[in-house]
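**Q**
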Amino acid sequence: MNVDRRRNVGPANVKPLVFAESRPPAQHIDPKIFLETGLIQNCSGSSYLENDKTIIVTSIYGPRPNFARSFNDQASLKVSVELSKFLPLDNLKDNRKNITPDKERLVASLESFMLSNFQSLILLQNYPKSSIEIFVQVVALNPAHSLVYTLKNIVNGVSVALVDSGLNIRSVASCGYSGGADHEMAVNFSGEDEILGIWSDFAAFDESFDSAIDTCEKDSLQLRKEINGYLLQKATAKQ
Amino acid sequence: MSQTASLKLNRFPPDVLARIAPDMLLQKYLQIGLRPSLRKFDEFRPVVISCAGVGRYEASEPNGDINGVGSVLGSSIVKSGKTTAICLISGAIVEDDHELVNDYRTKLEKDIIDSDTHKDNKNASVYTEVEISRGASGPPNEEEIAVSHRLYETIYHSGLIERDALRIRLGYKGSEELEQEFVPHTNYSFVLYATIQVFSRAGPVYDLCYGALISALRQTRLPAVYIAEKRTEAGVRRVRVEEYDLVCEAEKNEPLKLNENKIAWSSTFGLVELDRDVPHDEDKMEIDTDGKILLAELEGEAEENIDTRITVSSNGSTLSGLSVYGAAGVTKEELRKAFDLANRRAQYVLNSREMEM
Amino acid sequence: MSIIVENDPLDQVDGSASFEFGATKVMSSVTGPIEAARPRNELPTKAYLDINIRPSFGVPSTRETLLEHKLGQLLPAVINLDQYPRQTIQIAVQILKNGEPNDYTARQLVAIINSVFIALINSGISLKSSLMATCCSISTEGEIRTSPTSSELASSVSHFVVVYSIEDQQIDNLLFCDGLGTFKQQQLFDVLDRAASEILLNFQQIRQAIASHVSQNYVWKA
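Protein chains in written order, with the UniProt record's numbering: chain U, 1 to 239; chain S, 1 to 357; chain R, 1 to 222.
1. Return helix, strand or coil for V116 of chain R, following the three-state DSSP convention.
2. Roughly how many angstroms lie between the CA atoms of N10 of chain S and V16 of chain S, to the nearest whole one?
3. Report the three-state DSSP secondary structure of I34 of chain R (helix, strand or coil).
4. Sorted by chain position, which residues of the same chain lie with C-beta nearer than 7 Å to S182 of chain R's C-beta, five sequence neighbours on each side aside?
5. When DSSP labels each residue in this structure, what does V172 of chain U get in the three-state scheme?
6. Report yes if the C-beta distance between Q87 of chain R and A47 of chain R is below 8 Å; otherwise report no.
7. Would V278 of chain S pass as a contact of Q27 of chain S if the rule is Cβ separation under 8 Å?
8. Do you know offhand how far T84 of chain S's Cα is from D11 of chain R's?
9. Find out if the Cβ-Cβ distance for the pair V272 of chain S, L295 of chain S is shorter than 8 Å.
10. Can you pull the DSSP bridge partners for R54 of chain R?
11. Below 8 Å CB to CB, which residues in the same chain sit around E64 of chain R once its five sequence neighbours on both sides are set aside?
12. Taking only the alpha-carbon atoms, compute the straight-line gap between T134 of chain R and K82 of chain S and give it to the nearest angstrom.
13. Taking buried to mean at least 16 other C-beta atoms within 10 Å of its own C-beta, is Y57 of chain S buried or exposed?
14. Alpha carbon to alpha carbon, what distance is there between V126 of chain S and G53 of chain S?
15. Just reading off the beta strand (DSSP E) that D193 of chain U is part of, what are its end residues?
16. Compute the minimum distance between the beta carbon of P11 of chain U and the heavy atoms of the ligand GTP, and state whether it is under 7 Å.
17. Consult DSSP for L17 of chain S and reduce its assignment to one of helix, strand or coil.
18. Looking only at its own chain, which residues have a Cβ that is under 7 Å from the Cβ of N102 of chain S, when we skip the five neighbours before and after it?
19. According to DSSP, is R201 of chain S part of a helix, a strand, or is it coil?
20. Please work out which residues of its chain come closer than 7 Å, Cβ to Cβ, to L25 of chain S, disregarding the five sequence neighbours upstream and downstream, and give them in chain order.
21. Taking only the alpha-carbon atoms, compute the straight-line gap between I113 of chain S and G58 of chain R and give it to the nearest angstrom.
22. Measure the C-alpha to C-alpha separation of H157 of chain S and G326 of chain S and round it to an integer number of angstroms.
23. Excluding sequence positions up to five away, which residues of its chain have a Cβ less than 8 Å from the Cβ of I263 of chain S?
24. Helix, strand or coil: which one does DSSP assign to residue 360 of chain S?
25. Would you please state the rounded distance, in angstroms, between the beta carbons of N52 of chain U and N142 of chain U? I believe it to be under 8 Å.
26. Around the Cβ of residue 224 of chain R, are there at least 16 other Cβ atoms within 10 angstroms (buried) or fewer (exposed)?
27. Looking at the C-beta of N8 of chain U, does it have a partner C-beta in chain R at a distance below 8 Å?
28. Give me the chain R residues within the contact set of R336 of chain S, using Cβ-Cβ distance strictly less than 9 Å, ordered along the chain.
29. Taking only three categories from DSSP, how would you classify E150 of chain S?
30. Under three-state DSSP, which class holds T311 of chain S?
31. With 8 Å as the threshold, decide whether the Cβ of D96 of chain S is near any Cβ in chain R.
32. Assuming G191 of chain U and Y193 of chain S form a contact by the criterion Cβ under 8 Å, report the distance between their Cβ atoms to the nearest whole angstrom.
33. Examine chain S for any beta-carbon lying closer than 8 Å to the beta-carbon of N202 of chain R, and answer yes or no.
34. Given this structure, state the Cα-to-Cα distance separating E297 of chain S from V147 of chain S, to the nearest angstrom.
35. Residues of the stretch 125-149 of chain S in Cβ contact with chain R at a cutoff of 7 Å, in chain order, please.
36. So is L208 of chain S in contact with chain U if we call contact Cβ pairs under 8 Å?
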């Protein structure tokens, strides 16, 4: 039997709260984004992203000395995604399977996607013998947001936090989203025509796939403008 | 040939000195009557309490339409200085007579434990998990566990939440009362859970966590519960097993009843002695005291080094949850001073909060 | 309160003691100063305290961690940690009898602190002062009880663990005080006074137990 001795988890025989079917959450998505950097003090860079009641807090620590035994000629990158307890995860399902995945597996797949994305964005070779850690905390989640849409928000939150941290990066990444009735896609662009990662549920690569990428690119361009505008404004305000 | 060696004085900015010689830095500040945070000795940090508004039943809040889904029953955000704590409250349902402790022990000697522990406890508490963001992952560390469990203990013993307040009065769907003969033999109660996330910590976090937890509990609304139209009753060797599907109403709810006079605010103080051996400038010497100095709400590396501390909760006049420790020893006079400050602080925060919420 | 102290019941550690009062019994052992087990526990200027508390049944939980944390707040005030730089002092505590309801730890904490103190003396670790712990409760009528029993604790409004240092057989400083439940300032001060006189009284028993143990150890010298 596995007992968590580090948390006071309360009685073992509890039943989770089951709520009666409530009205379906509003499906329209408000694209407005509120961004703020540097709210968290004791880290190298942080961002706070709020989009339609979804709140994502990102903090970046590093470069810090890496105490691993072996010598590494470039920084090791670690991404941790944490979904707060009690979040409504029902909508974070994989469209292809239409089941709500296990929280741990969900987090693991988000983490590995982000890791591969940002490994090629951050100039890790500039930081030998160090480690860089990215912590993403999803504090609140709009139940209407799907997994792919949330992923887009997370990626953009991390991008802005990376700029705030002053770590060497190739460019400011921005992630676009395209959602249709049956397919969803999020594409992370590091520049024009340069894709860092694609998360989609397309089974075939037909025209709809191409047009989804185009939509994502447009979305990403728009977002990049906004992000750049915010960062510029922040940078000039400092001086 | 002679060589002269010269030593160059090193100058450190305060934040560097705070790390390499925290006691020295603190003494330097105290000499001129200030603290490293530039606050006065008995000055608290401003505190802002607001609703996170992510709870299921917090429809009237500006963030309200996120509600209706999810199992968050109450929430709060408390900011003090740069430090932020976010608290979310959720729950579950437990059968009263079978509340088990989640442990090996229950599997072994349940009967003994039941008869031994679950009598006379009219108080309930919140199972709390504190998480201090510090750039590391993994299970909670000792500090987080200690703060979490201390919150649990303090709430439990303060009598803020009575067991009765968590008891579930079952009804039909809608508003009808359940008829007597259909009332199940077992009683059900809510169990409350809380998770507190602390960002940008600077100094001890217990006060802030306590504040966040209390504020979230005040916002907490418990769902109305009814029995779904499924009931199985199986008799195995004359042992009657009843099983019900308990369903929470999507919208109907009522606020969690708290003992209002037990709502308190916690304050932590550090006690430090002025060190006469630290070189000082007589002219600039602002304070002249032989006793120890009481510092309200420690903040920053230099002050975290103070190892004589007083933590106390107060509802404005009555105290609860006290923790005093330190090598220097604490006198009654110092305790009195700390209690006075804690009372005044509690009156101020608890009253101003009313206006904000 | 009747106290039963057993000195050095364990022979594979540097010092040990069991402390029993009423329905509560705790056994503690001290090993050290020893080499740090992990590099990060090697503190350059002082000894690292490695405290482990085991409950009377089951596995340690957050409750025991909080007790360890409290012990870790108290002990640096009495142990001369800076005499043992880069070393570790291991303190292992086994609770044998709770003697109080599951949601309370006051009696156990008292027994832990007292047994650890005696074990520290038996181990020969350098201490700054003597100390003793006691617990008090305030009943619903406002009456103060020293060393309350399990049922007295369960019906009390508040309860306290108080530790004073003792010098020249006199009460010296308040080193530690832990209070749960609600109380008035004056009530706390009354509790502190009662605790102080209680400690002064009971410390004689501990002193005697230690004295007789020392004279036994040096019986060959006489």
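The beta carbon of each residue, even a glycine, is placed where N, CA and C say it ideally should be.
As the structure is a prediction and not an experimental result, all values here were calculated from the model.
**A** This is what the structure gives:
1. helix
2. 12 Å
3. strand
4. Residue identity check: residue 182 of chain R is Thr in the sequence provided, not Ser. These residues qualify, in order along the chain: V157, S158.
5. coil
6. yes
7. yes
8. 51 Å
9. yes
10. R:Q94
11. I53, R54, P55
12. 40 Å
13. buried
14. 20 Å
15. Note, D193 of chain U: premise wrong, no beta strand (DSSP E); not H, not E.
16. Ligands in the displayed structure: none, and consequently the ligand GTP is not present.
17. helix
18. In this predicted model, N102 of chain S has a pLDDT of only 49, less than 50, meaning its place in the structure is not dependable; the value taken from the coordinates is given anyway. Answer for N102 of chain S: no residue qualifies.
19. coil
20. P14, L17, A18, P36, A302
21. Note that I113 of chain S scores 44 on pLDDT, short of 50, meaning its location in the model is unreliable and no value can be drawn from it.
22. 24 Å
23. L160, I214, R218, N315, L350
24. Absent from the model: residue 360 of chain S. The displayed extent of chain S is 1 to 357, so no value can be given.
25. Correcting the residue identity first, residue 52 of chain U is Asp in this sequence and not Asn. Rounded, the Cβ-Cβ distance is 5 Å, consistent with contact.
26. Residue 224 of chain R cannot be examined here, being either before or after the span of chain R that is shown, 1 to 222.
27. yes
28. Q185, F189
29. Residue 150 of chain S is actually Arg in this sequence, not Glu. Helix.
30. strand
31. no
32. So it is not a contact: roughly 45 Å between Cβ atoms.
33. no
34. 16 Å
35. E142, I145, A146, S148, H149
36. no
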